[in-house]
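*Asks:*
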Amino acid sequence: MLQVCLNGVRSRSENRRVPVTPGELAVEAARAAEAGAEDVHLHPRGADGLDSLEPRAVAEAVGAVRAAVPEGVRVGVTTGAWAVPDPGKRAELIRSWTVLPDHASVNWHEEGAEAVAEALLERGIGIEAGVWSGTDGARRFRTWPRAHRVLRILAEVTDTDPATAASTATALLRELGDDLPAPLLLHGEDDGAWPVLRTAAALGLPTRIGLEDVLTLPDGSTAQDNAHLVRAAREILAGHGGDGPGRTRE
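The sequence shown begins at 2 in this note's numbering and counts up one residue at a time.
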């Protein structure tokens, strides 16, 4: 499975195709899905252009993207603490959402991750358990009594050195262990994104790519948009016996 991460906290000053508005997110999601993305992760933005978990921002972003992508492509959002530092407030906002995403990521090293996850479970929203390298996220997640309830584990390699990111990915997988309670998606960021994606491809693991994670193609040139990154990822996956660009979604 290849997920596209459309925007993250990036601004258009970093890449002019970083989507901010619901309409822009919808266009980028549709193009990425056509290029081969099977799942969407996005950061809703408020009127100020910053990440928002407010019901209106989530409803507009999720609604627009869901209407733009083919049936079967799931749409998820972040619940990152940078948007709302107070975990109790984050949980309260989740309980007030009027349009529900299919899934939402919870970074397990953040304070109150368990409370945020419980709010998602109450709403019937799938949980992507974000476990970052270099944090205590793996330990905290493995000791959560309801770890078996998550949709998937996002193993995120924060090592951006292309010379070491792959080995950091391997170390993170060892830390998580073999008896995982849910499927695992492995990805990296910035200069470490492509080495980690190749590691995921070699291991046959789901992965993700998009302007949130990286702004350049494997050859170092600037990506035109999210679809450009997805097509490059599909070529790598095909080279490892994975899904090629023309794969039919299940």
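Quick reminder that beta carbons are idealized off the backbone N, C-alpha and C, glycines included.
Note that the structure is a prediction, hence the values are computed from the model and not measured.
#1: By Cβ distance, which residues of its chain are closer than 8 Å to R124, with the 5 residues on each side in sequence left out?
#2: Name the residue from R57, V107 and P219 whose alpha carbon lies nearest to the alpha carbon of E190.
#3: Using 10 angstroms around the beta-carbon of H241, count the other beta-carbons present and answer buried if the total reaches 16, otherwise exposed.
#4: I'd like the list of long-range same chain contacts for E111, defined as Cβ closer than 6 Å, with 5 residues on each side in sequence excluded.
#5: Excluding the five sequence neighbours on either side, which residues of its own chain have a C-beta within less than 7 Å of the C-beta of D160, listed in chain order?
#6: Please report the residue range of the beta strand (DSSP E) in which E157 lies.
#7: On a CA-only basis, which of V74, V21, A118 and V117 is nearest M2? Give me that one, please.
#8: Give me the DSSP bridge partner(s) of L128.
#9: Tell me the rounded alpha-carbon separation between E115 and W145.
#10: Flag T99 as yes if its beta-carbon sits less than 8 Å from any beta-carbon of chain D, otherwise no.
#11: So the candidates are E25, L206, S222 and E29; which of them puts its Cα closest to the Cα of V5?
#12: Go to L185, then tell me how far its beta strand (DSSP E) extends in each direction, as first and last residue.
#13: Out of V132, E25 and E93, point me to the one whose CA is closest to V63's CA.
#14: Determine the closest residue to L185 out of P88, R32, A139 and V10, with distance taken between C-alpha atoms.
#15: Just how far apart, CA to CA, sit P163 and T208?
#16: Enumerate in chain order the residues of its own chain whose CB-to-CB distance from V66 is below 7 Å, with the five nearest sequence positions on each side excluded.
#17: Is it the case that the Cβ atoms of T80 and S106 are separated by a distance below 8 Å?
#18: Thinking C-beta only, is A84 closer than 8 Å to L54?
#19: Using 10 angstroms around the beta-carbon of T200, count the other beta-carbons present and answer buried if the total reaches 16, otherwise exposed.
#20: Under 8 Å between the Cβ atoms of R11 and E213?
*Replies:* Here's the rundown:
#1: Counting only residues of its own chain and dropping the five nearest sequence neighbours on each side, R124 has a CB closer than 8 Å to the CB of I95, R96, W98 and L101.
#2: Across the set R57, V107 and P219, the C-alpha of P219 shows the shortest separation from the C-alpha of E190.
#3: H241 should be labelled exposed.
#4: Same-chain partners within the cutoff: A82.
#5: Excluding residues up to 5 positions away in sequence, S134, A166, T169 and G193 lie with their Cβ nearer than 7 Å to the Cβ of D160 in the same chain.
#6: Per DSSP, E157 belongs to the beta strand (DSSP E) from R153 to E157.
#7: M2 has its Cα closest to that of V74, out of V74, V21, A118 and V117.
#8: The sequence given here places Ile at residue 128; Leu does not occur at that position. According to DSSP, I128 bridges with A105.
#9: Roughly 8 Å between the two C-alpha positions.
#10: Judged by its chain identifiers, the structure shown contains no chain D, having just a single protein chain.
#11: When each option's Cα is compared against that of V5, the closest is E29.
#12: Counting along the chain, the beta strand (DSSP E) containing L185 begins and ends at L185 to H188.
#13: Closest option to V63, Cα to Cα, is E25.
#14: Selection P88, R32, A139 and V10 evaluated against L185 yields A139 as nearest (Cα-Cα).
#15: Just so you know, the alpha carbons of P163 and T208 end up roughly 17 Å apart.
#16: Correct list, in chain order: L26, A27, A30, V41, L43 and V76.
#17: Taking 8 Å as the Cβ cut-off, T80 and S106 qualify as a contacting pair.
#18: It is a contact, given that the beta carbons lie within the stated cut-off.
#19: In summary, T200 is buried, with 16 or more beta-carbon neighbours lying within 10 Å of its beta-carbon over all protein chains present.
#20: In this structure, E213 lies closer than 8 Å to R11 by Cβ.
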